[in-house]
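K.L.:
One structure follows; several queries about it will come next.
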Amino acid sequence: MHEFHLPDMTCRHCASKVSVTLKRVDPLCEIEVDVAQNRVGVKSTEDRETLLEALTDAGYPPL
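Numbering (the numbering used here), first residue to last: 80 to 142.
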């Protein structure tokens, strides 16, 4: 599972946008979102760099 800290993900709307972004990259991925901790976990067949690029392009660059 890939773990990302997304400081710009601050609400449920942001979390929804992050989830949609990740599902576009890998429709079969499993996503765990923790808005309070600004964290997302992604179980995906895609590599970490691909997911990181998608999140950054969507406006949620991981730290």
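Ideal placement from N, C-alpha and C gives every residue a C-beta, glycine not left out.
1. Looking only at its chain, what residues have a beta carbon closer than 6 Å to the beta carbon of Phe83, apart from the 5 residues adjacent to it on each side?
2. Taking its Cβ as the centre, do 16 or more other Cβ atoms sit within 10 Å of Leu85, making it buried, or is it exposed?
3. Please report the Cβ distance between Ser123 and Leu131, rounded to the nearest whole angstrom; I am assuming they are in contact, meaning their Cβ atoms lie under 8 Å.
4. What's the gap between the Cα of Val97 and the Cα of Asp126?
5. Return helix, strand or coil for Asp136, following the three-state DSSP convention.
P.N.:
Walking through what the data contain:
1. Val119 and Pro141
2. buried
3. About 12 Å; that fails the 8 Å criterion.
4. 17 Å
5. helix
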